[in-house]
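For the record, the sequence lines run as chains A and B. Letter by letter, the first sequence follows residues 1 to 76 of our numbering. Letter by letter, the second sequence follows residues 1 to 404 of our numbering. Every residue gets a Cβ at the ideal spot worked out from N, C-alpha and C, and that includes glycine. All remarks here apply to the structure that follows.
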Amino acid sequence: MLGSVGMKTRAFVCLVGLACANTSVCAGTANPFPSPGFEIGKPFPDLILPSLADGRPISLSQFRGQKVLLHIFASW
Amino acid sequence: MHVPGWHKATEKLQAEGKLQMVGIIQEQHPDRARLFMQWKKMGWPILIDSLDLLGVSVVPITLALDEYGIIRLVNPPLKDSGRLEDDFLNRSFEKPAGFPAAKVIRPDLARLKTGAKRGNAGDWLAYADALIMWGEPGRISEAIAAYGEALRLAPEHASTYFRLGVAYRKRYDSSDRQDGDFQNAVEHWSRALEIDPNNYIWRRRIQQYGPRLDKPYPFYDWVPVAREEIQARGETPMALTVEPGGAEFAKPLKIFESAATDTKEPDPSGRVIRDTGKFISVDRTVVPPVVSQGASARVHLIFRPNSKNKAHWNNEAEDLVLCIRPPNGWLVDRRHVTIPNPKTPVSQEPREIQFELRCPQDAAPGAVTIPAYALYYVCEDVNGTCLYRRKDLRLQVQVRKPSG
Numbered sequence: 001m002l003g004s005v006g007m008k009t010r011a012f013v014c015l016v017g018l019a020c021a022n023t024s025v026c027a028g029t030a031n032p033f034p035s036p037g038f039e040i041g042k043p044f045p046d047l048i049l050p051s052l053a054d055g056r057p058i059s060l061s062q063f064r065g066q067k068v069l070l071h072i073f074a075s076w
Numbered sequence: 001m002h003v004p005g006w007h008k009a010t011e012k013l014q015a016e017g018k019l020q021m022v023g024i025i026q027e028q029h030p031d032r033a034r035l036f037m038q039w040k041k042m043g044w045p046i047l048i049d050s051l052d053l054l055g056v057s058v059v060p061i062t063l064a065l066d067e068y069g070i071i072r073l074v075n076p077p078l079k080d081s082g083r084l085e086d087d088f089l090n091r092s093f094e095k096p097a098g099f100p101a102a103k104v105i106r107p108d109l110a111r112l113k114t115g116a117k118r119g120n121a122g123d124w125l126a127y128a129d130a131l132i133m134w135g136e137p138g139r140i141s142e143a144i145a146a147y148g149e150a151l152r153l154a155p156e157h158a159s160t161y162f163r164l165g166v167a168y169r170k171r172y173d174s175s176d177r178q179d180g181d182f183q184n185a186v187e188h189w190s191r192a193l194e195i196d197p198n199n200y201i202w203r204r205r206i207q208q209y210g211p212r213l214d215k216p217y218p219f220y221d222w223v224p225v226a227r228e229e230i231q232a233r234g235e236t237p238m239a240l241t242v243e244p245g246g247a248e249f250a251k252p253l254k255i256f257e258s259a260a261t262d263t264k265e266p267d268p269s270g271r272v273i274r275d276t277g278k279f280i281s282v283d284r285t286v287v288p289p290v291v292s293q294g295a296s297a298r299v300h301l302i303f304r305p306n307s308k309n310k311a312h313w314n315n316e317a318e319d320l321v322l323c324i325r326p327p328n329g330w331l332v333d334r335r336h337v338t339i340p341n342p343k344t345p346v347s348q349e350p351r352e353i354q355f356e357l358r359c360p361q362d363a364a365p366g367a368v369t370i371p372a373y374a375l376y377y378v379c380e381d382v383n384g385t386c387l388y389r390r391k392d393l394r395l396q397v398q399v400r401k402p403s404g
């Protein structure tokens, strides 16, 4: 059952024009990467998310061409 | 702190254009992160992932991404930030073959809806996620229904429960709020965690509103400090849509602090006339929704004047008082709670009370009723009357069946 969810979530990601190279992320399963599960040498997933500044769509792919230090964090 | 520490350590590199800082947050109320960024003078872009579509189970995580978006370092040590230059900034990386350029566009909701109607769990999930992230504020109910469809087709998909919980809490914070939305949020987060108990992000979402014994540290105790410091700089602090309070400020506890039992009840024989819902309605949420024997839970009560009758608080009389009368063996941290009236003669604001209770070790599994009542002065504009009323609350708490 979960497999079917994963397949379709991946389809959604592609539908919105993303290059989804990390299948573990795109699979949308319960816990695709228990931290630290990001692999060196793999692309960071191109999720399109709302920007905190103005709510507009934003993706990490917009920062291509620059070296990025990405923090996944919370203010608490 | 971790992120401000990184910001400070790399300020020069950022100013020289050698390094771009970016953040992703999973918080239910993202504007709190905006206030945090203002406080710490960090102006770089942040992506909101309240649904945790990225699927991270812990934070913080720091990643160094090269010019092509390839992960080059995972959690580099802040105390040795010089290594970032040696191992990352001063290195050149090869462009990967066939790496497509991404288009950053807002998803087409109508197209996703058509896709969802094909009847696949993943399509319903994608549609619900898009409604939460990109839909108009009035479409949260539609998203809740879509998550429901996804769960009907894939009932063990933990992340869907978590996302549905996020949607319920979002509706609770909106003008479309329905009875039980907050309790539904907590129950769905709890269900997600039952399926996957190792997800720290999901656990933190429940702890945010839960009992003090379950907390590793306070959540938003920094907010008043931040506002004060921002104002002292001559700036206006970013507004918050939902003020943090109660459980979100409460410091952790090591042992349950039980209230004294010899306090005098304000209406012991129940003589005050009851308000059966005409004036004030009460929204109740118990966190966690099922409490284990010997464990504690936090109860959230919101008293709301009934807008249909144009009911309002009479602030020139006595304060609202809540009296909790736990059954034998159950402990509460407060037996009487008072909410001081604001200074205006009348008002219509919701009033919130939170208290904690502790389940006895030998409690029988199943539903337990915790009797409580509130006393308040309330007026209604329809007939122009002001009255002293009592609201009886029979709070339901579920005791978990012991495992094994």
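Handout entry: Bounding residues of the alpha helix (DSSP H) (the contiguous stretch that carries Trp313/B)
Key = Counting along the chain, Trp313/B falls outside any alpha helix (DSSP H), though it belongs to the beta strand (DSSP E) covering 311-314.
Exercise for the section: Drop a sphere of 10 angstroms on the beta-carbon of Tyr127/B, count the other beta-carbons inside from all chains shown, and report buried for 16 or more, exposed for fewer. Expected result: buried
Problem - Start and end residues, alpha helix (DSSP H) containing Phe36/B - result: For Phe36/B, the enclosing alpha helix (DSSP H) begins and ends at 31-39.
Practice task
Using a Cβ cut-off of 9 Å, pull out every chain E residue sitting near Gln354/B, in sequence order please.
Solution key: Judged by its chain identifiers, the structure shown contains no chain E, and its protein chains are A and B.
Practice task
Using a Cβ-Cβ cut-off of 8 Å, state whether Met238/B counts as contacting chain A.
Solution key: no
Handout entry: Collapsed DSSP secondary structure at Ser190/B in the structure displayed
Key = helix
Practice task
Please determine, among Pro342/B, Trp330/B, Asn306/B, the residue with the shortest C-alpha to C-alpha distance to Ser258/B.
Solution key: Trp330/B
Practice task
Give the secondary structure of Met21/B by DSSP, where H, G and I count as helix, E and B as strand, and everything else as coil.
Solution key: strand
Handout entry: Reduced DSSP category for Lys79/B - H, G, I as helix; E, B as strand; rest coil
Key = Here Lys79/B sits in helix by DSSP.
Practice task
Kindly indicate which three-state DSSP category Pro137/B falls into: helix, strand or coil?
Solution key: helix
Exercise for the section: Mind reading off the beta-carbon distance from Leu73/B to Leu63/B? Whole number of angstroms is fine, and I expect it under 8 Å. Expected result: Their Cβ separation, rounded to whole angstroms, is 7 Å, which keeps Leu73/B and Leu63/B in contact under 8 Å.
Problem - Amino acids of chain A, ordered along the chain, whose beta-carbon sits closer than 8 Å to that of Arg171/B - result: The premise fails here: Arg171/B is roughly 17 Å from chain A at the closest Cβ pair, so nothing lies under 8 Å.
Practice task
With a 10 Å radius around its C-beta and 16 neighbouring C-beta atoms as the bar for buried, classify Tyr217/B as buried or exposed.
Solution key: exposed
Practice task
Output yes or no for whether 8 Å exceeds the beta carbon distance between Met37/B and Ile24/B.
Solution key: no
Exercise for the section: Give the DSSP-derived three-state secondary structure of His157/B in the structure shown. Expected result: Looking at His157/B - three-state DSSP - the assignment turns out to be coil, as it is neither helix nor strand.
Handout entry: DSSP-derived helix/strand/coil call for Arg106/B
Key = coil
Problem - The alpha helix (DSSP H) enclosing Val242/B, as first and last residue numbers - result: Per DSSP, Val242/B is not a residue of any alpha helix (DSSP H), being assigned neither H nor E.
Exercise for the section: Determine whether the Cβ of Thr62/B lies closer than 8 Å to any Cβ atom of chain A. Expected result: Thr62/B belongs to the set of residues whose beta carbon lies under 8 Å from a beta carbon in chain A.
Handout entry: Against chain A: residues of the stretch 219-232 of chain B by CB proximity under 7 Å
Key = Those residues of the stretch 219-232 of chain B that come within reach of chain A (Cβ to Cβ, closer than 7 Å) are Phe219, Tyr220.
Handout entry: Contact set between the stretch 35-68 of chain B and chain A, restricted to residues whose Cβ is under 8 Å from the partner
Key = Leu35, Phe36, Met37, Pro45, Ile46, Leu47, Ile48, Asp49, Leu53, Leu54, Gly55, Val56, Ser57, Val58, Val59, Pro60, Ile61, Thr62, Leu63, Ala64, Leu65, Asp66, Glu67, Tyr68
Exercise for the section: Could you tell me if Ala110/B is buried or exposed, where buried requires 16 or more neighbouring beta carbons within 10 angstroms of its beta carbon? Expected result: The residue is exposed, with fewer than 16 neighbouring Cβ atoms inside 10 Å.
Practice task
Check whether the Cβ atoms of Leu65/B and Leu60/A lie closer than 8 Å to each other.
Solution key: yes
Problem - chain A residues whose Cβ lies nearer than 8 Å to that of Gln20/B - result: Phe63, Gln66, Lys67, Val68, Leu69
Practice task
Using a cut-off of 8 Å between C-beta atoms, extract the partners of Gln26/B located in chain A.
Solution key: Ile72, Ala74
Exercise for the section: Assign Thr10/B to buried or exposed, taking buried as 16 or more other Cβ atoms, counted over all protein chains shown, within 10 Å of its Cβ. Expected result: buried
Problem - Reduced DSSP category for Leu69/A - H, G, I as helix; E, B as strand; rest coil - result: strand
Problem - Test: Ile144/B CB closer than 8 Å to a CB of chain A - result: no
Exercise for the section: Drop a sphere of 10 angstroms on the beta-carbon of Pro36/A, count the other beta-carbons inside from all chains shown, and report buried for 16 or more, exposed for fewer. Expected result: For Pro36/A, the predicted model reports a pLDDT of 41, less than 50, meaning its position is unreliable and no value from the coordinates is stated.
Problem - Reference Pro371/B; option with closest CA among Val397/B, Lys254/B, Glu67/B, Arg389/B - result: Out of Val397/B, Lys254/B, Glu67/B, Arg389/B, Val397/B has the C-alpha closest to the C-alpha of Pro371/B.
Handout entry: Range of the contiguous beta strand (DSSP E) that encloses Ile206/B
Key = Run containing Ile206/B: none in the beta strand (DSSP E); it sits in the alpha helix (DSSP H), 200-207.
Handout entry: Span of the alpha helix (DSSP H) around Val3/B
Key = 2-9
Practice task
Answer yes or no: does any C-beta atom of chain A fall closer than 8 Å to that of Pro30/B?
Solution key: Chain A contact via Cβ: present.
Practice task
Please look up how many angstroms separate the CB atoms of Val291/B and Val399/B, rounded, as I've assumed it's under 8 Å.
Solution key: Contact between Val291/B and Val399/B holds: CB atoms are separated by about 6 Å, below the 8 Å threshold.
Exercise for the section: Note down, in chain order, each residue of its chain lying with its Cβ closer than 7 Å to the Cβ of Asn184/B, except the 5 sequence neighbours on either side. Expected result: So the list reads Tyr168, once near-sequence residues are dropped.
Practice task
Using a threshold of 8 Å, state whether the C-beta atoms of Leu240/B and Leu78/B are closer than that.
Solution key: no
Exercise for the section: Give me the Cβ distance between Leu153/B and Ala121/B, rounded to the nearest whole Å; I'm assuming they're in contact under 8 Å. Expected result: 4 Å
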